[in-house]
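Residue numbers (the working numbering): 120 to 426.
We treat Cβ as the ideally placed atom computed from N, Cα and C, and that holds for glycine.
Fair warning: this is a prediction, and the values are worked out from it, not measured in the lab.
Before any comments, here is the structure.
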């Protein structure tokens, strides 16, 4: 390895993740496509999201830096930046970072030199051009379908009427109607930015229950149950707890409390599970590119990963 590259690797190692022992078995990240939830998790923890072309991929001696999972090897990467999809600071023409890549049955990693990949990263203070991925494996191969999905997610995230991050359930209340089988359950949600969010489940005699979601106090702004793999779906399916807090159910009767819980489960069941396939999930933080898009200034918090 040339002296310059060795010096750059040393600098990146100093800002790298700390490898920890893990009982998880390695699995090739490219065997199973990341889900919408995976993309959203990575996007909402990144200070920048870029499309780059890998120019150099150099394995690092495991004695200097072990990969975070067995069956992986850590690589030093030099790449040409092609497109900055999200970020509040300009990105230079070339970038450098470390990434863990899975090994095949021969003990070899894919040679990605010349290929285009998406990276989810943050800058390293005082080192222009050096990046730290938000997880050891936060690099995804480019495909047209993946780019379309990612761009759609980012557009929804910066939209003025985009759904806020859900942080919990504030209260739920079932109110019976005048007719047998008639009633309504209101589920009020807490959000990261303090904005309004609620779910309404309606019961009508002889009809299956219906529900909608509102991110505004205006009745006219309520929307139908969100389609899977959309940002409103992600905010709900990947954030609501399996069971609301016991003290959140403020229905006046035992029958009302039971109905409110049943309606809460109805909402969760209708959305389906929040599937994730990547081995690592970043810690959720407010992404700086969203803050910048809304005209505010904020220093990006350090990002951590967990298996």
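Name the DSSP beta bridge partners of residue i, please?
i, result
"residue 287", "309"
"residue 352", "BP columns for residue 352 are empty, so no partner."
"residue 344", "DSSP output for residue 344 lists no bridge partner at all."
"residue 302", "295 and 322"
"residue 181", "Its beta-bridge partners do not exist; DSSP assigns none."
Considering only the beta carbon of each residue, do residue i and residue j sit closer than 8 Å?
i, j, result
"residue 71", "residue 161", "With the chain running from 120 to 426 in the structure shown, residue 71 is simply not present."
"residue 343", "residue 323", "no"
"residue 384", "residue 157", "no"
"residue 238", "residue 257", "yes"
"residue 242", "residue 208", "yes"
"residue 330", "residue 386", "yes"
"residue 214", "residue 198", "yes"
"residue 358", "residue 285", "yes"
"residue 360", "residue 288", "yes"
"residue 328", "residue 388", "no"
"residue 267", "residue 236", "no"
"residue 379", "residue 304", "yes"
"residue 367", "residue 262", "no"
"residue 356", "residue 391", "yes"
"residue 153", "residue 397", "yes"
"residue 163", "residue 176", "no"
"residue 216", "residue 185", "no"
"residue 283", "residue 399", "no"
"residue 248", "residue 211", "yes"
Could you tell me the boundaries of the alpha helix (DSSP H) in which residue i lies?
i, result
"residue 212", "Counting along the chain, residue 212 falls outside any alpha helix (DSSP H), and DSSP gives it neither H nor E."
"residue 162", "155-162"
"residue 389", "373-390"
For the beta strand (DSSP E) containing residue i, list its first residue and its last residue.
i, result
"residue 251", "250-252"
"residue 172", "167-178"
"residue 329", "329-333"
"residue 317", "317-322"
Measure from the C-beta of residue i to each C-beta in chain D and report whether the shortest distance is under 8 Å.
i, result
"residue 189", "Note that chain D does not occur in the displayed structure, where there is just one protein chain."
Which runs of the alpha helix (DSSP H) spanning at least 4 residues fall entirely within the segment 187-272, listed in chain order? The qualifying runs do not exist here; there are none.
Would you check if there are 3 or more beta carbon pairs closer than 8 Å linking the segment 267-281 to the segment 159-173? Touching, yes.
With a threshold of 8 Å, are at least 3 pairs of Cβ atoms found where one atom belongs to the segment 213-227 and the other to the segment 188-195? The segment 213-227, when compared against the segment 188-195, does touch it at the 8 Å Cβ threshold.
Taking one C-beta from the segment 309-322 and one from the segment 360-372 each time, how about it: are there three or more such pairs within less than 8 Å? With contact defined as three or more Cβ pairs closer than 8 Å, the segment 309-322 and the segment 360-372 are not in contact.
Specify whether the segment 288-295 and the segment 244-256 touch according to this definition: at least 3 beta carbon pairs, one from each stretch, less than 8 Å apart. Contact fails: fewer than three Cβ-Cβ distances are below 8 Å.
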